[in-house]
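Residue numbers are given in the numbering used here: position 116 of the sequence shown equals residue 137, and the series is strictly consecutive. Heads up: the structure comes next, in structure tokens.
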Amino acid sequence: MEKTNVCRILDRHGIAYTQKTTDEVNADRNLIENGLIFKTLVTVANTGEHFVFVVPVDGTLDLKAAAKAVGVKKIDMIPQKELLPLTGYVHGGCSPVGMKKEFATVIDSFAELNDLICVSAGHVDYRVVLDPDDLFRVLRKVKYAEVAK
């Protein structure tokens, strides 16, 4: 399995992780049954600022809660065509780690209650599994908040 930029960033920070393919993640009962697989969503606020939200893959982003969490009036998902130029990632391979620019990031508070979180490794079909506190530590402008429904 090729090492992604996300893996190199985690290595540089001395963070332990396991890299898995989507098939390996789908076969991992612990990750699935405990809801530990998360997706990365990029939004734009009424102020023009962009924000990143990391929420359980089986949930949806509560736009009102998300706006409140980052202190803006309104938030919308960015159009898919804007994802690559803005973040450097394609749809299905977007990771909260290693974006072109560091955006304020909110990780759904459900992650804080668990020992593991699975997020994209920055490439379609590659994931990394790590401690959510380590993910929190590697991101700069980050906080936990209840933003998924």
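We treat Cβ as the ideally placed atom computed from N, Cα and C, and that holds for glycine.
- Can you tell me where the alpha helix (DSSP H) with valine 27 in it begins and where it stops? Counting along the chain, the alpha helix (DSSP H) containing valine 27 begins and ends at 26–33.
- Tell whether a beta-carbon distance below 7 Å holds between arginine 148 and valine 46. Yes, Cβ-Cβ distance for arginine 148 and valine 46 is below 7 Å.
- Contact the stretch 37–52 vs the stretch 82–102: 3+ CB pairs below 8 Å: Judged by Cβ distances under 8 Å, the stretch 37–52 makes no contact with the stretch 82–102, as fewer than three pairs qualify.
- Message: Determine whether the beta carbon atoms of arginine 131 and valine 73 lie at a separation below 7 Å.
- Response: Note on identity: in this sequence residue 131 is phenylalanine, with arginine being the wrong assignment. In this structure, valine 73 does not lie closer than 7 Å to phenylalanine 131 by Cβ.
- Query: Of the residues Glu23, Met98, Tyr110, which one's Cα is nearest the Cα of lysine 41?
  - Reply: For lysine 41, the nearest C-alpha among the options comes from Glu23.
- Query: In the DSSP assignment, what are the bridge partners of threonine 64?
  - Reply: DSSP lists Phe72, Met98 as partners of threonine 64.
- Message: To test your reading of the DSSP string, which unbroken alpha helix (DSSP H) runs of 4 or more residues are found completely within the stretch 128–158?
- Response: You should have found no qualifying run.
- Message: Which of the three DSSP states is assigned to lysine 164 in this structure?
- Response: Assigned with DSSP and collapsed to three states, lysine 164 falls in strand.
- Message: I'd like to check one pair, threonine 64 with methionine 98: are the Cβ atoms closer than 7 Å?
- Response: Yes, the pair counts as a contact, with Cβ atoms nearer than the cut-off.
- Candidates Val140, Thr61, Asp146, of which the one nearest aspartate 152 by Cα: If we check each option's Cα against that of aspartate 152, Val140 comes out closest.
- Query: Skipping 5 residues on each side, what residues in its chain have a beta carbon closer than 7 Å to that of phenylalanine 157?
  - Reply: Hits under 7 Å: Ile128, Val163.
- Less than 7 Å separating the beta-carbons of leucine 57 and isoleucine 138? A contact, by the Cβ cut-off of 7 Å.
- Query: If we ignore side chains and look at the alpha-carbon of each, how far apart do isoleucine 96 and glycine 35 end up?
  - Reply: If you take the alpha carbons of isoleucine 96 and glycine 35, they lie about 34 Å apart.
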